[in-house]
Amino acid sequence: MIDKERLAAKCAAYGIALTAQQLDRLDAYARLLVDYNQKVNLTAITTPEGIEDRHFADSLLLAAQPEAAGAVVDVGTGAGFPGIVAKIYRPDIRLTLMEPTGKRVDFLRYACAELGLEGVEFAKERAEEAARKAWRERYDLAVARAVAALPVLCEYCLPLVRVGGRFIAMKGPDAAAECAAAAGALRKLGGRLVENRTFTLPDGSARCLIVCEKVSPTPAAYPRNGGKIAKKPL
Numbered sequence: 002m003i004d005k006e007r008l009a010a011k012c013a014a015y016g017i018a019l020t021a022q023q024l025d026r027l028d029a030y031a032r033l034l035v036d037y038n039q040k041v042n043l044t045a046i047t048t049p050e051g052i053e054d055r056h057f058a059d060s061l062l063l064a065a066q067p068e069a070a071g072a073v074v075d076v077g078t079g080a081g082f083p084g085i086v087a088k089i090y091r092p093d094i095r096l097t098l099m100e101p102t103g104k105r106v107d108f109l110r111y112a113c114a115e116l117g118l119e120g121v122e123f124a125k126e127r128a129e130e131a132a133r134k135a136w137r138e139r140y141d142l143a144v145a146r147a148v149a150a151l152p153v154l155c156e157y158c159l160p161l162v163r164v165g166g167r168f169i170a171m172k173g174p175d176a177a178a179e180c181a182a183a184a185g186a187l188r189k190l191g192g193r194l195v196e197n198r199t200f201t202l203p204d205g206s207a208r209c210l211i212v213c214e215k216v217s218p219t220p221a222a223y224p225r226n227g228g229k230i231a232k233k234p235l
């Protein structure tokens with residue numbers, strides 16, 4: 002499916018070295034994704050090089066960050082990006098794939114079983130509801146890709162992170178403006194902006210990793226219900 006040598010070369014340009022087993026698993030994942038996508042809408046990107054660039058290289062940039070360790074929750078993971086790729090690259094992480102859509106959770110379970118990935122939890126939950134249950138302030142790292150604007154995303158993700166942990170939002174070229182808009186939300190939710198790490202994906206598109214630290218417990222009033230978060234972001 003994918004060109005493993007081509008993907009390895011692209012990742013090497015970022016200082017990311019992939020083993021033969023990791024490349025085999027990524028190839029198998031791509032095949033599972035494209036096949037399953039015929040019956041359940043998982044992704045609009047189905048060409049080999051599109052998957053390599055927009056799904057795999059992108060997810061591996063996140064997985065290669067020093068914060069990608071310990072207990073990690075991928076919020077709104079969809080078809081498993083970046084979470085499953087991170088687990089392939091860093092098998093030691095304790096991964097929770099959080100996704101409210103049942104058909105996608107079925108795919109995530111199937112894919113992880115087929116790929117032989119162990120130590121993965123599947124949470125069929127909305128993040129704002131999960132943060133009022135057992136998942137609250139449980140994680141070393143929360144990550145989200147292409148889920149919502151940053152002020153909204155902060156309210157979804159920061160309540161899931163322990164004090165001292167990190168939240169990384171995977172964003173595009175407007176990251177600086179999103180950070181400015183989210184300053185109030187970060188403050189109210191117990192977070193602070195650490196830095197923006199910028200990259201160019203192999204297809205030329207911009208990627209920014211917005212790194213936030215959880216510096217104090219999230220007040221009990223947050224997160225609000227999903228409707229309020231969407232209609233009136235902090």
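Here the sequence shown is numbered in this note's numbering, starting from 2 and rising by one per residue.
Every residue, glycine too, gets a C-beta built ideally from N, C-alpha and C.
Return the first residue and the last residue of the beta strand (DSSP E) that residue i is part of.
| i | result |
| --- | --- |
| G166 | V162 to K172 |
| K237 | The question about residue 237 has no answer, for the chain in this structure spans 2 to 235. |
| A221 | That residue, A221, is in no beta strand (DSSP E); it is neither H nor E in DSSP. |
| A72 | A72 to V76 |
If I follow the unbroken alpha helix (DSSP H) through residue i, where does it start and stop?
| i | result |
| --- | --- |
| L43 | Where L43 is concerned, there is no enclosing alpha helix (DSSP H), given that its DSSP letter is neither H nor E. |
| L242 | The question about residue 242 has no answer, for the chain in this structure spans 2 to 235. |
| E156 | L151 to C158 |
| G192 | Not the alpha helix (DSSP H): G192 falls in the beta strand (DSSP E), residues G192 to T201. |
| V86 | G84 to Y90 |
| R26 | A21 to Y37 |
| K5 | K5 to A13 |
| E179 | A176 to A182 |
| A64 | D59 to A64 |
Which residue wins for smallest C-alpha separation from residue i, given the options the options?
| i | options | result |
| --- | --- | --- |
| Y15 | T199, K232, I211 and A222 | T199 |
| T97 | F108, I85 and A149 | I85 |
| S217 | V195, P160 and I169 | P160 |
| T201 | D4, C12 and L33 | C12 |
| V195 | A186, G228 and K215 | K215 |
| V148 | A170, I89, D4 and L187 | A170 |
| L116 | K104, R105 and P92 | P92 |
| A87 | I17, V41 and I3 | I17 |
| R133 | A114, R105, V162 and V106 | V162 |
| A221 | I94, E129 and K40 | E129 |
| V74 | E53, C158, P203 and N226 | C158 |
| P83 | R167, N38 and A58 | A58 |
So, are the CB atoms of residue i and residue j less than 9 Å apart?
| i | j | result |
| --- | --- | --- |
| C155 | L235 | yes |
| V76 | A145 | yes |
| I211 | C180 | yes |
| K189 | Y223 | yes |
| Y90 | A65 | yes |
| L151 | A183 | yes |
| L27 | K5 | yes |
| T48 | A80 | no |
| G191 | V164 | yes |
| D36 | P203 | no |
| M99 | E126 | yes |
| R105 | V153 | no |
Can you find at least 3 beta carbon pairs, one from the region 174–192 and one from the region 207–224, that sit closer than 8 Å?
-> yes
Decide if the region 20–29 is in contact with the region 64–80; the criterion is three or more beta carbon pairs, one per stretch, under 8 Å apart.
-> no
Which whole runs of the beta strand (DSSP E) in the region 114–141 are 3 residues long or more, in chain order?
-> 121–124
Looking at C-beta atoms only, is the number of pairs between the region 120–134 and the region 92–112 that lie closer than 8 Å three or more?
-> yes
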